[in-house]
Amino acid sequence: MTKAAAKASRKNAKIRLTKATASEILAAHKITPAEIRHAKRLIEEAERSLRRSSRSTKRALPSRATAK
Amino acid sequence: VAVPDEKAVFLNVPFDPSYEPLFVTLVGVLVFLGQDPHCVLEVREKGDGRLIRIVELMRSCRMSIHDLSRTGTPVRFNMPYELGLASAHKIADPGAYEVLVLESRPYRIDKTLSDYKGRDPLIHHGTCEGMLACLLDAYVTGVPDAAKEFRSAARLLRRSAALLKREMKATSLFRPALFRLLLSSATGIGNMRGFIQR
């Protein structure tokens with residue numbers, strides 16, 4: 013290994029990925045259909061909650077015209 | 002010893018309340034990158050010793066990520082100890098195993114772990130944004146506008162994790178059942194946003 017190559021390797025060169033699919037990840041952890049459904053419901057609830065907080069932030073901010 | 006899965010990543014991180022958002026971001030972004038995160042929360046005591054099970058889990062992975070950002074009191078030796086185990090594994094078979102080290106402050110590791118000098122840890126500055134930047138520095142991704150997309154998806158995952166914790170009346174996210182649901186949520190979001198295939 014050249015000096016430059018050794019330096020690059022020490023400096024955490026980027027890792028090229030072999031990507032797993034969603035089913036592979038779920039299977040590796042033996043995640044059950046009930047857990048998948050539970051997670052799906054949580055995501056939907058989280059999306060609603062983020063939308064609500066984004067709307068209330070917008071309401072709380074005065075419009076440019078009002079600020080003037 | 003199990004054959005290492007090249008998508009499997011072993012996580013060695015502090016399990017404390019202030020680390021929860023960083024942990025959720027770490028798990029989420031790894032899943033969005035198509036990686037399969039594992040940690041000691043999966044290790045159940047079967048009578049043959051926890052350490053052996055941790056080593057087995059580490060050896061079943063292709064790489065490990067170690068966060069050495071917690072250096073205060075009470076002193077915790079688990080993280081550096083497991084980094085030592087992983088480093089020994091890498092030294093024994095350099096091409097077959099990768100080790101990534103995370104820190105919150107630049108150059109501190111030169112003092113706290115001087116034997117590791119010469120290798121650069123990834124610095125996250127104790128923020129979720131920093132954690133995302135570290136992972137994007139470490140991995141090549143084909144996702145267009147990955148920083149923006151992953152940031153938004155990680156925010157959604159953190160909100161899901163907060164709801165999960167509240168729903169389960171849990172004081173900590175670092176529990177086996179919650180880790181499974183966190184992974185399931187990350188996989189769902191990753192799939193929904195088109196980062197990983199079904």
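Taken in order, these protein sequences are the chains called S and R.
Residues 13 to 80 in the numbering used here are what the first sequence lists, from first letter to last.
Residues 2 to 199 in the numbering used here are what the second sequence lists, from first letter to last.
C-beta: ideal position from N, C-alpha, C; glycine also.
In the three-state DSSP reduction, V28(R) falls in the helix class (H, G or I).
A9(R) sits in a strand when the DSSP states are folded into three classes. For E99(R), DSSP records a beta bridge to M64(R).
For chain S, the residues of the region 134 to 145 of chain R that bring a beta carbon within less than 8 Å of one of its beta carbons are D138, A139, Y140, V141, T142, in chain order.
Note on R181(R): 16 or more other CB atoms within 10 angstroms of its CB, so buried under the neighbour-count rule. V30(R) places its beta carbon less than 8 Å from that of L133(R). Assignment of L174(R) by DSSP, reduced to helix, strand and coil, places it in the coil class. Ranked by Cα distance from L165(R), the options A51(S), R60(S), I27(S) are led by A51(S). Annotated three-state conformation of D37(R) is strand, per DSSP.
Taking the Cα of Y117(R) as reference, the smallest distance to any Cα among L69(R), Y140(R), A154(R) is reached at L69(R). Per the DSSP secondary-structure output, I27(S) pairs in a beta bridge with Y140(R). Sorting V144(R), V141(R), R60(R) by C-alpha distance to the C-alpha of A89(R) places R60(R) at the top. Between the C-alpha atoms of R194(R) and T30(S) there is a straight-line separation of about 19 Å. Proximity of the region 52 to 59 of chain S to the region 34 to 42 of chain R falls short of the contact definition, fewer than three beta-carbon pairs being nearer than 8 Å.
Judged by their CB atoms, S161(R) and I55(S) are nearer to each other than the 8 Å cut-off. Looking from the CA of L12(R), the closest CA among H126(R), L101(R), E130(R), A93(R) belongs to L101(R).
For A39(S), the enclosing alpha helix (DSSP H) starts and ends at 34 to 40. Sorting N79(R), V14(R), V41(R) by C-alpha distance to the C-alpha of S105(R) places V14(R) at the top.
Taken in chain order, the members of the region 12 to 32 of chain R whose beta-carbon sits within less than 9 Å of a beta-carbon on chain S are V32.
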